[in-house]
Amino acid sequence: MKSGGFERELVEALRRHGLVERAVVSTYDLSTLQACRRLEPQLTRSRTYPRRRLYPAVRLVTRLALPFRVGRLLADAEAAATTLDYRLVTRAVVERCHAQGAAVLAWTVNDRAKLARLDELGVDGVITDDPRIFQGSRATLPA
Numbered sequence: 000m001k002s003g004g005f006e007r008e009l010v011e012a013l014r015r016h017g018l019v020e021r022a023v024v025s026t027y028d029l030s031t032l033q034a035c036r037r038l039e040p041q042l043t044r045s046r047t048y049p050r051r052r053l054y055p056a057v058r059l060v061t062r063l064a065l066p067f068r069v070g071r072l073l074a075d076a077e078a079a080a081t082t083l084d085y086r087l088v089t090r091a092v093v094e095r096c097h098a099q100g101a102a103v104l105a106w107t108v109n110d111r112a113k114l115a116r117l118d119e120l121g122v123d124g125v126i127t128d129d130p131r132i133f134q135g136s137r138a139t140l141p142a
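Numbering that gives the first Met the number 0 applies: residue 0 is where the sequence shown begins, and numbers increase by one.
What follows is the structure in structure tokens.
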């Protein structure tokens with residue numbers, strides 16, 4: 000969710016269509032995740048990071064710091080997953096998240112080489128604009 004304020008409508012639509020158990024709500028906004036938790040505790044929540052576009056120098060520092068910050072990002076949101084800009088995903092981040100029982104999702108992955116690298120790192124899923132990247136892929140991402 001890019002903006003909050005319609006959490007109730009989202010949860011009601013997921014319930015109406017029987018999708019609560021299959022859906023993941025992902026957003027940058029902590030209050031939106033907390034509202035979704037209050038409305039539907041069974042709904043899987045993912046904390047999206049970062050909120051803003053990262054320029055190369057900032058991205059490097061963020062990549063180095065993220066393994067030490069991701070636990071707090073997850074805990075603050077009571078999230079079962081984190082959704083990260085694919086350029087921030089490292090083995091250390093994946094291992095830290097998995098040690099806490101949290102999944103790692105990467106966005107936006109639109110080519111096979113990036114998909115293969117993320118699969119090697121152990122991500123649990125990707126967000127893509129082009130699902131054809133999975134054709135002929137050896138990716139072992141969970142279904």
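Yeah, the Cβ is synthetic: ideal placement off N, Cα and C, and Gly gets one too.
Predicted, not measured: the structure shown is a model, and the values here were computed from it.
Would you decide whether residue i is buried or exposed? Buried here means 16 or more other CB atoms lie within 10 Å of its CB.
{"i": "residue 112", "result": "exposed"}
{"i": "residue 95", "result": "buried"}
{"i": "residue 7", "result": "exposed"}
{"i": "residue 57", "result": "exposed"}
{"i": "residue 68", "result": "exposed"}
If you compare alpha carbons, which of the options is closest to residue i?
{"i": "residue 48", "options": "55, 16 and 88", "result": "88"}
{"i": "residue 125", "options": "30, 3, 103 and 13", "result": "103"}
{"i": "residue 120", "options": "80, 107 and 90", "result": "90"}
{"i": "residue 3", "options": "26, 132, 60 and 67", "result": "26"}
{"i": "residue 92", "options": "108, 78, 62 and 28", "result": "62"}
{"i": "residue 66", "options": "98, 53, 37 and 79", "result": "98"}
{"i": "residue 54", "options": "86, 82, 79 and 35", "result": "86"}
Starting from residue i, trace the alpha helix (DSSP H) in both directions and tell me its first and last residue.
{"i": "residue 136", "result": "Residue 136 -> no alpha helix (DSSP H), and no H or E assigned at all."}
{"i": "residue 67", "result": "55-76"}
{"i": "residue 113", "result": "111-120"}
What residues are listed by DSSP as bridge partners for residue i?
{"i": "residue 46", "result": "26 and 81"}
{"i": "residue 125", "result": "105"}
Along the chain, where does the beta strand (DSSP E) containing residue i start, and where does it finish?
{"i": "residue 102", "result": "102-106"}
Three or more beta-carbon pairs under 8 Å between the stretch 35-42 and the stretch 15-23, yes or no? yes
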